[in-house]
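Per my numbering, numbering through the sequence shown is continuous, rising by one, with the last residue being 919.
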Amino acid sequence: MSASYEKVVEALRKSLEEVGTLKKRNRRLEGASREPIAIVGMACRLPGGISGPADLWRLVSEGGDAVSGFPADRGWDLDTLFDPDPDHPGTSYVSQGGFVHEAGQFDAGFFGISPREALAMDPQQRLLLETSWEAFENAAVDPTTLKGGDVGVFVGAAPQGYGSGPIGPEMQSFAGTGVASSVASGRLSYVFGFEGPAVTIDTACSSSLVTMHLAAQALRQGDCSMALAGGAMVMSSTNSFVVFSRQRGLAADGRCKAFADAADGMGMAEGVGLVVLERLSVARARGHRVLAVLRGSAVNQDGASNGLTAPNGPSQQRVIHSALASAGLAPSDVDAVEGHGTGTALGDPIEAQALLATYGQDRDPDRPLWLGSLKSNIGHAQAAAGVASVIKMVQALRHGVLPATLHVDAPSSAVDWSEGAVELLTSARAWPRTDRPRRVGVSSFGVSGTNAHLIIEEAPEEPAPEAVSDGLVPLVLSARSTGSLAGQAARLARFLEESGTPLAAVAGAAVTGRAVLDERAVVVAESRDEAVSRLTALARGEDTAAVVTGRAAAPRKLVWVFPGQGTQWAGMGRELLESSPVFAERITECAAALEPWIDWSLLDVLRGEGDLDRVDVLQPACFAVMVGLAAVWESVGVRPSAVVGHSQGEIAAACVSGALSLEDAAKVVALRSQAIAAKLSGRGGMASVALSEAEAAARLSLWDGRVEVAAVNGPASVVLAGDAQALNECLEVLAGDGVRVRQVAVDYASHTRHVEDIEDTLAETLAGIDAQAPVVPFYSTVTGEWITEAGVVDGGYWYRNLRNQVGFGP
């Protein structure tokens, strides 16, 4: 066969491999293309002092109205802004709206942001930072653990005129990024260290639902494994009120009368909302609580319709049908719709007619589609409106109640409600479980013409958690500063006063998935009253014996050390295989990676049923245990700053560092140990000796190279190895001189000239090892240097690892 022909064959083989890999990836993505998306965390800031999903539920379940007067801390000239005459230039005939009055508050130091940069940042960016942190903690995910992770960020936002006045020189260096729309998403990725896609979207009122649609697609395509999605709107100027007043687009009392006969315009509002999304299978695998499921979604455009900003009924019908098709559902499978419902005489009838034409047809009249709108409670939060509605309806699913829509004097007479089975939620209704999952559609229609519709489904039923009795429990709190710690204590005390959650469950939730910050406190209590009293004392800065406070010391760097041979014992994996699901799962993966190369059962060996006297069993088994233990440590939050390995332990170190895949590491340890068994066993030995390297070298001159210093373990500890008879003679002499010696239970001489006999074998069997650059810093005891580049720990490296002296001591 000619060399050129061989090249063609090799190229063809590689092409077929690549095609096979692509086909596998495409099959995997095809399987995920319809997979539901789990909502695992939520956070929001909305009008009425709403600082989270629980506050939002309290507002809507009690029929609360969050509309208020204009904020007094934004530099607005309130004396001249309002004029009841809608034709008066430069004024608003509306003096109320849905405002986040706390939008100016921001703990810049918490996020490592300087006061000057914080001042230059649009409040939308500040609130996005705060709500993103809270959304992750709501999902029981420590935000600090996501650095470097494939987390995507999809944010709906647009500039609102913040910082449009004169800029002082101290702010100029931050002014561009502080107000740039692109940075609204990019800043989240930067601060938290996310490496998935980061996208800011502006489709006006539909922005936040569009972000959820795009985030779901990114998750299904594998662009990221977790995503933040939502929107932000903080009105930094009065422009919206003035412009919409001139257009007669606002309700005089600032309230949205959604789908009501009295609808007289929208009420302007603001807010921020974010949800944390994962594919449902990923959420389950990670043990994350599923709040609800995004079953399907769709986005479309009005196109050349009856006006650039006018809503379009046929387009709304199409987007609903597309979302249902995406979910694989019929209209009758959906119980309710959280409508766009801004309270305008034009838009609401068009939307209602689209719902009647889609969801209202061919359904049981006794089970109509129930229609409501959060805008009746808080106003139209614009870019955050859609995600706020999603959070409301997720809470409704969890509580089993459809809240009432406010300000409905009568259903709009501009709509023929007899055309379909759709009814307004003029009062709250129970939403009981039935023989199928409960579902709700959520709509948002942008003034840009971009429409979005999502279908949210209740979370799959999960086993009820085991009952926990209170007893004596520790309530653990942490914060960036002592003031924040006091605030945490006060909030937790209020929660305990208002909630019936068992004290032990609160104590568990206080630490699960939360970042452990520098200022810390532990409050010990045996009852709810004790806990409230002692938390209140902590909030006031009072000393009490049941409260311990302190500041964490600077974290020390941690190194994982992977040992060489000699650490094994029969049954060394038995207990962890039974007690640790993380260990058992990783060992199962190791067994699958080793299977092509071995003829024995890893699980049997680790349970004590195999032959650990065989080097080709012992070394792969030790490798698997080390890799399994690393997974256990990581599962409880212990992560290394660096890794180092001794002799065969370097294979596990390379795997854990990311320099070798599990499959390649398994191949190295299996085939190399088989070569040792076939050609080196029975010829040599090894022993630990209490001498320095220099002392040992001086002593070994008597044996003329037949015994060598195989490893330097420390200033007064080395390993000697060599010919079996010569090593025995050497050890006898050393022991006679009072030197501590301990023979290692092996019959071969690693790290000596013996290993040269298998150099060709290893060159052949370990060819093609795909060595990557380590993710975790990896220090080599072969080269005495950091391994930083791809390709270093290839097949040739693993020969040198076995042949060269182990430089562990240095």
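Glycine included, every Cβ here is placed at the ideal spot set by N, Cα and C.
Inter-residue spacing [alpha-carbon to alpha-carbon] between residue i and residue j
i, j, result
"residue 436", "residue 423", "20 Å"
"residue 719", "residue 704", "15 Å"
"residue 836", "residue 785", "19 Å"
"residue 745", "residue 735", "16 Å"
"residue 907", "residue 696", "23 Å"
"residue 201", "residue 175", "20 Å"
"residue 649", "residue 593", "12 Å"
"residue 378", "residue 641", "36 Å"
"residue 361", "residue 203", "5 Å"
"residue 815", "residue 857", "13 Å"
"residue 172", "residue 155", "15 Å"
"residue 917", "residue 750", "18 Å"
"residue 143", "residue 399", "18 Å"
"residue 148", "residue 569", "12 Å"
"residue 331", "residue 323", "12 Å"
"residue 548", "residue 368", "21 Å"
"residue 354", "residue 598", "45 Å"
"residue 659", "residue 630", "6 Å"
"residue 179", "residue 471", "46 Å"
"residue 214", "residue 380", "14 Å"
"residue 905", "residue 392", "40 Å"
Exposure label - residue i; buried when at least 16 CB within 10 Å
i, result
"residue 544", "exposed"
"residue 895", "exposed"
"residue 242", "buried"
"residue 432", "buried"
"residue 651", "exposed"
"residue 849", "exposed"
"residue 560", "buried"
"residue 205", "buried"
"residue 252", "buried"
DSSP three-state assignment for residue i, whether helix, strand or coil
i, result
"residue 533", "strand"
"residue 135", "Because residue 135 carries a pLDDT of 46, less than 50, the predicted location of this residue cannot be relied on, and no value is offered for it."
"residue 397", "coil"
"residue 928", "This structure cannot speak to residue 928, because the chain is shown only from 110 to 919."
"residue 265", "strand"
"residue 849", "coil"
"residue 164", "helix"
"residue 272", "coil"
"residue 211", "coil"
"residue 146", "strand"
"residue 669", "strand"
"residue 190", "helix"
"residue 388", "strand"
"residue 486", "helix"
"residue 100", "The chain is shown from 110 up to 919; residue 100 falls before or after that span and cannot be answered."
"residue 718", "coil"
"residue 677", "coil"
"residue 427", "helix"
"residue 837", "helix"
"residue 240", "helix"
"residue 414", "coil"
Boundaries (first-last residue) of the alpha helix (DSSP H) holding residue i
i, result
"residue 502", "494-508"
"residue 701", "690-703"
"residue 773", "771-788"
"residue 637", "637-649"
"residue 542", "Segment: none, residue 542 is in no alpha helix (DSSP H) and carries neither H nor E."
Counterpart residues of residue i in DSSP-defined beta bridges
i, result
"residue 153", "382"
"residue 565", "403 and 549"
"residue 895", "888"
"residue 375", "359"
"residue 829", "796 and 818"
"residue 177", "206"
"residue 583", "633"
"residue 588", "628"
Limits of the unbroken beta strand (DSSP E) element including residue i
i, result
"residue 822", "816-823"
"residue 307", "307-310"
"residue 628", "628-634"
"residue 479", "478-481"
"residue 339", "335-342"
Closer than 7 Å to chain B by CB, residue i
i, result
"residue 767", "Any reference to chain B falls outside this structure, which holds one protein chain only."
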